[in-house]
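Counting in this note's numbering, the sequence shown runs from 22 upward without gaps. C-beta atoms are modelled at their ideal positions from N, C-alpha and C, and glycine is treated no differently. Taking it in order: structure first as structure tokens, then the write-up.
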Amino acid sequence: MTHDAQVSRRAFLGGAASVAAMAFIPAPPAPAAVPVVEVAPAVATAKPMFGFSTHGGVWEIDFPTRDAALKAAREYHGDDDSFEVGEVRRIRMHVHGELNEAAADALINGGEVFDHLTAYLADCNQDADFEGELSEAFTRAWIADHEDMDAQCRAAISAAIVRAGDPILATQVAVSDPRKHDLSDEIFEALASDDTLQADLHRIITAWVDKHDLWEAGHALSTSNVEKHFAIMPAPEVPA
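As structure tokens, this is what we get:
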């Protein structure tokens with residue numbers, strides 16, 4: 022039996038395991054509403070990998086063929102367990118979402134702005150985080166240059182605050198003031214609707230993703246090609 026719908030690993034496994042936590046310090050609070058990324062065939066690379074479900078809903082992956090995954094699954098499960106064999110495709114992550122609004126939220130929450138933006142980006146791409154690969158790649162890249170990236174993001178936000186008419190706040194933000202900022206509704210709305218800020222942050226984050234080659238750091242399960250294999254029931258004993 023095959024599944025025809027193509028959904029995320031999270032939906033496929035019924036929420037059995039959440040995405041591995043980002044190792045950012047301090048950890049920014051997650052947004053109240055997390056955007057969901059649709060895994061479309063157009064963004065998947067042509068060459069698939071294969072895997073099988075183990076106990077507890079965890080998948081073993083990176084088999085070159087379906088037959089190789091099936092053989093490994095039978096060795097793992099024996100005849101007593103049901104399991105599934107599926108296709109795993111490496112997909113491109115996306116730099117999208119309301120980065121300017123996320124930046125405004127970052128100022129309100131305090132701390133390093135780039136922490137918040139990177140965690141927001143990870144949340145936007147969480148359905149590509151098959152077993153935490155994307156989170157791990159994000160963490161390595163964040164450790165490498167988060168201070169420089171924070172300065173770049175703050176410069177873009179500071180310029181937007183100047184455009185919104187608050188040069189004092191702009192100066193505080195530009196010098197990496199980590200405290201929580203009590204933004205007025207006017208300033209928050211100005212930042213959240215600033216198309217120039219959105220474009221600037223998109224450019225900065227995209228360059229960071231390019232630099233660390235993060236576009237294909239995640240995995241997602243293509244459930245349109247998942248097959249269910251049932252346990253082999255022993256034949257009933259025939260009375261003598």
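Put simply, of F159, F71 and V79 the residue whose alpha carbon is nearest the alpha carbon of H233 is F159. Scanning H202, C174 and H167 for the CA closest to the CA of N130 turns up H202. Under a 10 Å Cβ-count criterion, F71 is classified as buried, with 16 or more other Cβ atoms of the shown protein chains found around its own Cβ.
For M114, there is no enclosing alpha helix (DSSP H), since its DSSP letter is neither H nor E.
Taking C-beta separations shorter than 6 Å and ignoring five residues to either side along the sequence, the partners of V134 in its chain run A127, D171, C174 and R175, following chain order.
In this structure, the straight-line span from the alpha carbon of W236 to that of G153 is close to 15 Å. For the alpha helix (DSSP H) assignment, the uninterrupted runs of no fewer than 4 residues enclosed by the region 88-151 are, from N- to C-terminal side, 120-130 and 134-145. If the five residues before and after L190 are omitted, its C-beta is found closer than 6 Å to the C-beta atoms of I182, all from its own chain and listed in chain order. Short of 7 Å from the beta carbon of D100, and not among the five residues preceding or following it, lie these beta carbons of its own chain, in chain order: A252 and I253. Secondary structure note for M170: its alpha helix (DSSP H) is the uninterrupted segment E154 to A185.
Setting aside the 5 residues that flank it on each side, G239 is surrounded in the same chain by I112, M114, N146, A149, D150, F151, E154 and L155, each with a C-beta closer than 7 Å to its C-beta; the list follows chain order. Per the coordinates, the alpha-carbon of R87 lies some 27 Å from the alpha-carbon of E157.
With a cutoff of 9 Å on beta-carbon distance, I178 and A228 are scored as not near each other.
Taking the Cβ atoms as the reference, Q219 lies roughly 6 Å from L120, within the contact range of under 8 Å. DSSP places D83 inside the beta strand (DSSP E), whose first and last residues are W80 to F84.
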